[in-house]
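Working notes, beginning with the structure itself.
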Amino acid sequence: MKLVNKLLITVFAILTVIAIYFFIYYSNNQDLNDVKVEGYVFNSNNMPLKNVKVTVVNERYENDNGLKNYDEYLGQDRIELKTDDKGYYSTVLKKSAYVYILLQKGGYKSIEEKGKHAKKSLFLKLKCILINPTAFRWQ
Numbered sequence: 001m002k003l004v005n006k007l008l009i010t011v012f013a014i015l016t017v018i019a020i021y022f023f024i025y026y027s028n029n030q031d032l033n034d035v036k037v038e039g040y041v042f043n044s045n046n047m048p049l050k051n052v053k054v055t056v057v058n059e060r061y062e063n064d065n066g067l068k069n070y071d072e073y074l075g076q077d078r079i080e081l082k083t084d085d086k087g088y089y090s091t092v093l094k095k096s097a098y099v100y101i102l103l104q105k106g107g108y109k110s111i112e113e114k115g116k117h118a119k120k121s122l123f124l125k126l127k128c129i130l131i132n133p134t135a136f137r138w139q
């Protein structure tokens, strides 16, 4: 009888650990709805950079046909924006899991900002320093 009780407790503990793992895994690996991505781009003098081409690359677990796979990103969106006179850009993503930003401006080297896991609101304030006519350095 004691052996059966120990066996049942062990099986219950293993099943509990597995259930917790799947709960954490699937709750963290889901697309968020209506994610706002916004930010500013400044130069080394803290002056806004206007007309910077900002490409927001959005990775999703769900593809365009509704198929989901929580082990890899199946869907991708590329939204192209331009910064305004204040260096500001903004967009809302219907579904998102992971976002990264590409910046392009004539006379500067193209830059890819490190990706971030989606949150309800992603705000990025980027400072660009002109090293030479074809290179950026982040501060």
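In UniProt numbering, the protein residues as written are 1 to 139.
Every residue, glycine too, gets a C-beta built ideally from N, C-alpha and C.
All of these numbers come straight from a predicted model, not from anything done at the bench.
Bounding residues of the beta strand (DSSP E) (the contiguous stretch that carries residue i)
i      : result
Glu72  : It is not in any beta strand (DSSP E) - Glu72 carries neither H nor E in the DSSP assignment.
Lys114 : Ile111 to His117
Gly39  : Leu32 to Phe42
Val54  : Lys53 to Arg60
Alpha-carbon spacing of residue i relative to residue j, whole angstroms
i      : j      : result
Val56  : Asp85  : 19 Å
Gly75  : Arg60  : 5 Å
Glu112 : Val4   : 58 Å
Leu122 : Leu102 : 15 Å
Val99  : Thr16  : 33 Å
As assigned by DSSP and simplified to three states, the class of residue i
i     : result
Lys6  : helix
Tyr98 : strand
Any chain D beta carbon closer than 8 Å to residue i
i      : result
Lys116 : Among the chains in the structure shown there is no chain D, since it carries only a single protein chain.
Of the listed residues the options, nearest to residue i (C-alpha basis)
i      : options                       : result
Asp64  : Asp77, Ile9 and Glu72         : Asp77
Gly107 : Lys68, Tyr73, Leu49 and Ser96 : Leu49
Lys116 : Leu8, Ser110, Glu38 and Lys82 : Glu38
Glu80  : Phe12, Ala97, Asn51 and Leu67 : Asn51
Test item: CB-CB of residue i and residue j under 8 Å
i     : j     : result
Asp34 : Val92 : yes
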